[in-house]
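Q: In full-length UniProt numbering, the protein residues as written are 1 to 728.
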């Protein structure tokens, strides 16, 4: 039955200082001894043994001291025979009725009847030595058994009962004395051994291995959708716990979205036959993907853009993140490919043409000064990431979160290498945010559960959908597993308040070694505080010697921060509800079934110089003719894109037919797109051929504003008469 008691565990009596459980066991064993003796006397003895049991006990005890006693013996009698002492062979089962109406369930056998005896009676008291009486009773009545021997079976059961009762009472006694010494828990979480945690939880869901037991430490399956949190320093065992979890996910046949910033899990769990995919534009196994394929409405375009341009901390510089997000969402409504988007973000003329006639045109107007530069620089942050994405010809198939969220076939691995993590961070964050957003709805009966496993959460930029998923997505039944090193990492990205809410939401928390003092202190608080009641003993010496006892109640952490900081590797605390299990686990070595990274040819571009000698590299054969052909090719709206012109025109045509008109403008057509693009191309070529005084002036204005100087005028730089001194 569940424990529904609220508040502290109060007691009505003062804790006794005697072994009450042991005393109770001894008393109960004595009662059982009497019960077993009565049972033997009632059902396991002959009529004469019943009659002489008291005399046998008294004579056996008196024989030790060579005493004398008065005893009444049972005699047989008849009208013509001499009375004699009755023996066991003189009786058989039956019934005898005495003159006073008393009945005995016994009668004379055939032997005394044939000898002329017709009844039996108790004689007058006679004096005998206890030794003689005990010897006669033993030989004639009790078939050679001593008094204790006649009750051997009953005493044996009594001894077994005593041992069993002491086996139960002594541990309880030791526990009670420990509580008196170290304190009795009144309120708060309970620290348990793995076996106790398993008995308490009775879990049937995801479990973790423990060195101390063969059975896994499991949590209830109904609690899985309330998410997991794993926190600890590098190298303490987070990856091992996640590996255990992914092994069970694979055995179940569930789907998973795994953020793998070190390509560890893709080497152990990637399965192409299962339908797994790898989202890494630098990996040859990456499919084609475009942000425009993820939207089904204008509102979803805003959500995609918001995922890319996220502020850090407590919403600082929101203008330079919200404004680029609005412009990017507007660009998505034209249905561009990733490389078209990258080219638009790199060309201010293209951007001005796309936002012309909308309120967004004011943000990047040429007269906007530093505001314009800040917005353009924020827009260009993601351009490099989009240029790295493979084209349809280069990619290994196509993929988008919108379609995958319906089929949920295979696992999704989002990978990177440390050297490329910063460049790919916007894409990684966008992919995870899109998957979270698409999988927040309640699944259909035939859809698989999807596990979100995000190791090193702090290596991603702010995910706007993550907080919503943690707080509201319980009905989606898609568990989230978050791994990070310390709460300070999340505070730097999400701010103090939002980070606090996020780390408190997961119902199952696993804490490992954390050497950082503030993080260890937070873990100690997260595990919880307990109220302890201790017995204080005061001794009095002198004339009035004695002891006084009093109760002292204190509130203290269940696990101190120094214990967290001093944990060994592969040791953890598992907290679920108010139950805390301390356990350690072994290292699991799985075979590598797939390479962690397969480089895509030409994805990162080649250096124009040798990094060892810093000398220019000679052009490859055919490169000159390729550049010449590109120079002779006429300017088209898709010039500079990696896709063929026909493909780009098709995308523009489809966008013109399906996308709603931009705010304040008319419905775009293919011809309009070509004219705008051609004009912008010509302007770009002219700007490349001659200097841009206005652009130089704007740059100088920004530099002057940052130094709090007056901006110089545009034009050729004039010689300065100011002398510069170098302070040595």
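Glycine included, C-beta positions come from ideal geometry on N, C-alpha and C. Given the structure is predicted, the values throughout are model-derived calculations rather than measurements.
Roughly how far, in whole angstroms, is the beta-carbon of residue 364 from the beta-carbon of residue 351, given that I think they are within contact range, below 8 Å?
A: That belief holds up - the Cβ atoms of residue 364 and residue 351 are roughly 6 Å apart, short of 8 Å.
Q: Which residues mark the beginning and the end of the alpha helix (DSSP H) in which residue 561 is found?
A: Residue 561 -> alpha helix (DSSP H) spans 561-565.
Q: What residues match up with residue 259 in a beta bridge as DSSP calls it?
A: In the DSSP output, where bridge partners are listed per residue, residue 259 has 414 and 454.
Q: Can you look up residue 291 in the DSSP assignment and give me helix, strand or coil?
A: Three-state result, residue 291: helix.
Q: I need the boundaries of the alpha helix (DSSP H) containing residue 249, first residue and last residue.
A: Residues 238-252.
Q: If you draw a straight line from the C-alpha of residue 563 to the C-alpha of residue 204, how long is it?
A: Cα to Cα, residue 563 sits roughly 30 Å from residue 204.
Q: Considering only the beta carbon of each residue, do residue 28 and residue 155 sit closer than 8 Å?
A: No, these two residues do not count as a Cβ contact at 8 Å.
Q: Assuming contact is defined by CB atoms lying nearer than 8 Å, are residue 120 and residue 163 in contact in what I supplied?
A: Not a contact, by the Cβ cut-off of 8 Å.
Q: Would residue 287 pass as a contact of residue 431 if the rule is Cβ separation under 8 Å?
A: No.
Q: Distance, Cα to Cα, residue 533 vs residue 550?
A: Straight-line Cα distance between these residues: approximately 10 Å.
Q: So residue 800 packs on residue 76, CB below 8 Å; how close in whole Å?
A: For residue 800 there is no data in the structure shown, the boundaries of the chain being 1 and 728.
Q: Give me the Cα-Cα distance between residue 212 and residue 386, rounded to the nearest whole angstrom.
A: Rounded to whole angstroms, residue 212 to residue 386 spans 50 Å at the Cα level.
Q: Tell me the residue span of the alpha helix (DSSP H) that contains residue 388.
A: It spans 383-388 - the alpha helix (DSSP H) in which residue 388 sits, taken as one unbroken run.
Q: What's the C-alpha gap between residue 461 and residue 425?
A: Rounded to the nearest angstrom, the two C-alpha atoms are 7 Å apart.
Q: CB of residue 274 to nearest heavy atom of the ligand HEM: below 7 Å?
A: Ligands in the displayed structure: none, and consequently the ligand HEM is not present.
Q: Helix, strand or coil for residue 21, going by three-state DSSP, please let me know.
A: Helix.
Q: From the DSSP output, read off the bridge partner residues of residue 217.
A: Answer is 208, bridged to residue 217.
Q: Would you tell me roughly how many angstroms separate the C-alpha atoms of residue 308 and residue 200, rounded to the nearest one?
A: Taking the straight line joining both Cα atoms gives about 45 Å.
Q: CA-CA distance, residue 103 and residue 79?
A: In a straight line, the C-alpha of residue 103 is about 22 Å away from that of residue 79.
Q: If we ignore side chains and look at the alpha-carbon of each, how far apart do residue 418 and residue 459 end up?
A: Their backbone Cα atoms lie some 10 Å apart in a straight line.
Q: Could you give the C-beta distance for residue 88 and residue 20, rounded to a whole number, given that I count them as a contact under 8 Å?
A: About 47 Å; that fails the 8 Å criterion.
Q: What's the C-alpha gap between residue 342 and residue 328?
A: Using only the alpha carbons, I get a separation of about 11 Å.
Q: What did DSSP end up calling residue 408 once you bin it into helix, strand or coil?
A: It is coil, neither helix nor strand.
Q: Can you say whether residue 538 is buried or exposed, counting buried as having 16 or more other CB atoms within 10 angstroms of its CB?
A: Its Cβ having fewer than 16 others within 10 Å, residue 538 is exposed.
Q: Tell whether a beta-carbon distance below 8 Å holds between residue 355 and residue 321.
A: Cβ distance not < 8 Å, so residue 355 and residue 321 don't count as in contact.
Q: Quick one: any contact between the region 131-149 and the region 105-122, if contact means 3 or more CB pairs under 8 Å?
A: No, the region 131-149 does not touch the region 105-122.
Q: Taking C-beta to C-beta, are residue 256 and residue 411 nearer than 8 Å?
A: Yes, these two residues count as a Cβ contact at 8 Å.
Q: Thinking C-beta only, is residue 531 closer than 8 Å to residue 191?
A: Result no, Cβ atoms of residue 191 and residue 531 do not sit closer than 8 Å.
Q: Is residue 633 buried or exposed, if buried means 16 or more other CB atoms sit within 10 Å of its CB?
A: Legend: pLDDT at residue 633 = 37, less than 50; position of this residue unreliable, no value from coordinates given.
Q: Residue 617 lies in the beta strand (DSSP E); which residues open and close that run?
A: First-last for residue 617: undefined, no H or E at that position.
Q: Rank 208, 397 and 189 by C-alpha distance to the C-alpha of residue 277 and give the top, closest one.
A: For the residues 208, 397 and 189, the minimum Cα distance to residue 277 belongs to 397.
Q: Just the Cα atoms here: how many angstroms apart are residue 37 and residue 568?
A: The straight-line gap from Cα to Cα measures roughly 58 Å.
Q: Leaving out five residues on either side along the sequence, give the residues of the same chain with a beta carbon under 7 Å from the beta carbon of residue 456.
A: Closer than 7 Å at Cβ, skipping near neighbours: 261, 483 and 484.
Q: Mind the definition here: the region 43-50 touches the region 170-190 only if three or more C-beta pairs lie below 8 Å; say whether that holds.
A: No, the region 43-50 is not in contact with the region 170-190.
Q: What does residue 75 pair with, by DSSP beta-bridge criteria?
A: Residue 75 pairs with 85 and 121.
Q: Where in the region 26-63 do unbroken runs of the alpha helix (DSSP H), each at least 4 residues long, occur, reported from the N-terminal end onward?
A: You should have 47-63.
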